Structure formats: structure tokens, C-alpha cells
Amino acid sequence: MKGLLGKKVGMTQVFNEEGNVIPVTLIEAGPCYVVQKKTKENDGYNAVQLGFEEVSERKLSKPELGHLQKAGVPPLRHLAEFRGRNDDLEVGQKVEAAIFQVGELVDVVGTSKGKGFAGVVKRHHFGGGIKTHGQSDRHRAPGSIGAGTTPGRVFKGMRMAGRMGGEGVTVSNLEVVIVDSGRNLIAIKGSIPGAKNGLVLVKEARKARPQKNGN
Numbered sequence: 001m002k003g004l005l006g007k008k009v010g011m012t013q014v015f016n017e018e019g020n021v022i023p024v025t026l027i028e029a030g031p032c033y034v035v036q037k038k039t040k041e042n043d044g045y046n047a048v049q050l051g052f053e054e055v056s057e058r059k060l061s062k063p064e065l066g067h068l069q070k071a072g073v074p075p076l077r078h079l080a081e082f083r084g085r086n087d088d089l090e091v092g093q094k095v096e097a098a099i100f101q102v103g104e105l106v107d108v109v110g111t112s113k114g115k116g117f118a119g120v121v122k123r124h125h126f127g128g129g130i131k132t133h134g135q136s137d138r139h140r141a142p143g144s145i146g147a148g149t150t151p152g153r154v155f156k157g158m159r160m161a162g163r164m165g166g167e168g169v170t171v172s173n174l175e176v177v178i179v180d181s182g183r184n185l186i187a188i189k190g191s192i193p194g195a196k197n198g199l200v201l202v203k204e205a206r207k208a209r210p211q212k213n214g215n
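When you number the sequence shown by the working numbering, it's gap-free, plus one each residue, and the end is 215.
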């Protein structure tokens, strides 16, 4: 499975041949380096480990530097593994945005924005309590979270207030609109998770759906 690590640049819009506006997210995809190859014979599965974003050596630990120097690549901040066949890649090889093509469908993995501690109305879109009959403090309350004697406890997974965001999110079947290999930029139709400058993984769609006419 081909893929790249990248950085979310931000959103903009482009026009297609019919003059329709297409909202897109720009991703600085690569350049990445092949740091390690895993094979079914040695590791039990096929995968390739890619590194992204060059940094100063002092920002990495000695084991990290040794791992990267063994592959003959510069110091890199981020490492990620992409499972699948890797016959066409070699350790130390540079991988750039040109591996994707316009019109291709991809899956994008990112980390959603952290919202801090949030109540059930914001976190789970609860409707809150009624605003009449003297309920002055129940407008954004969760309501009942279980029965009393039986079962006498709160079931696991109950939707309640808590830490919101900061989780891994995958958005599937997004269309590649522009590939600028000279600047290592990819424009993907729609929005992707995370804040600007956030790390994202772009990989070929696992469950590609047929595209509708006009998209």
C-alpha cells in the first residue's frame, strides 16, 4: 500500500474545467525517506517504514539516530509504517508526492483538534433538558445515566462529559485534485482532521467507492 507522511497546510479552493468551485485541503506531502522494510519472512508481515521532516540531530535520541543512520537517511522527526507490498522501494530511497495521481482516491489519517474537557451537549450533541417547569439547572445536563438498585452501576461506554478531541481520525475516499511534485504539495477535495501544521498520513484508499459523475 503506497502512502506518504505530510503536514496540513490549510484550506483553499480551486475551479474545475466546468467552472465549479472545489474546496480543497493542501498537504505538504513529503519528501519522505524509506527507513526500513519489513518482510513476511523476517517480521511476519510486509510493510515499509517512512520518515518525514528533517530536524537537527540534537532533537533525537541516540537510538533514533542510530536507526536512521543505518538506513543512510538524514535525521527525521516522524516515522510511520505503511503495510502492504514494498517490492518497488529500497531503504534510503526518497518518496515524493508524485506517487499519487489526480483523480485517485486516498484515505487521510490525522489527529483531531483537542477541545479540552467538554460536556455532553458539545461532546455528544445531546439536546439537554427542557427549559420549563422550574428546571433552571438542567439545560445542558446529561439526564439519567442508569437505574438504581438494578444494575446499581453505570455501564461501560456511557456517553458522558470528558476530554474531547485529540484522537486519531481517518477520513476515507477523498479525491486528489492537484499534485504539485515540484513543491511536494497535494490538494485533496474536502477537509481533513487536525490543525494547521499537523502531521497527517495519506495513503491509497482501502475501500475505494466508484466516483459519481461530475465530481
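Glycine residues also receive a C-beta, built at the ideal position from the N, C-alpha and C atoms.
The structure displayed is predicted, hence computed values, not measured ones.
Thinking residue i and residue j are a contact (beta carbons under 8 Å), I'd like their distance in whole angstroms, please.
i, j, result
"serine 61", "proline 75", "Not a contact, Cβ separation roughly 11 Å."
"lysine 8", "isoleucine 22", "With a Cβ gap of about 18 Å, lysine 8 and isoleucine 22 do not count as contacting."
"methionine 160", "isoleucine 145", "7 Å"
"glycine 10", "alanine 29", "So it is not a contact: roughly 14 Å between Cβ atoms."
Exposed or buried, what is residue i when buried is set at 16 or more other beta-carbons lying within 10 Å of its beta-carbon?
i, result
"valine 102", "exposed"
"lysine 196", "exposed"
"asparagine 42", "exposed"
Looking at the strands, I want to know which residues DSSP matches up with residue i.
i, result
"leucine 174", "Val106"
"methionine 164", "Gly116"
"glutamine 13", "Pro23"
"arginine 83", "Ala47"
"leucine 76", "Glu54"
"isoleucine 188", "Thr25 and Val176"
Terminal residues of the continuous beta strand (DSSP E) containing residue i?
i, result
"glutamine 93", "Here glutamine 93 belongs to no beta strand (DSSP E), and DSSP marks it neither H nor E."
"alanine 97", "Careful: alanine 97 lies outside any beta strand (DSSP E) and carries neither H nor E."
Take residue i and list the residues in its own chain whose beta-carbon comes closer than 6 Å to its own, dropping the five residues that flank it on each side.
i, result
"glutamate 104", "Val176"
"arginine 123", "Met164"
"glycine 240", "Look at the range of the chain in this structure, 1 to 215, and you will see that residue 240 is not part of it."
"valine 109", "Thr170 and Leu201"
Where does the unbroken alpha helix (DSSP H) through residue i begin, and where does it stop?
i, result
"glutamate 204", "Per DSSP, glutamate 204 belongs to no alpha helix (DSSP H); it is in the beta strand (DSSP E), 199-204."
Cutting at 8 Å between CB atoms, please list the residues of its own chain near residue i, excluding the five before and the five after it.
i, result
"alanine 98", "Val179 and Ser181"
By Cβ distance below 7 Å, which residues in the same chain neighbour residue i in space, the five residues on each side in sequence not counted?
i, result
"serine 112", "Gly165, Gly166, Glu167, Val169, Pro193 and Gly194"
"valine 73", "Tyr33, Val35, Gly51 and Gly92"
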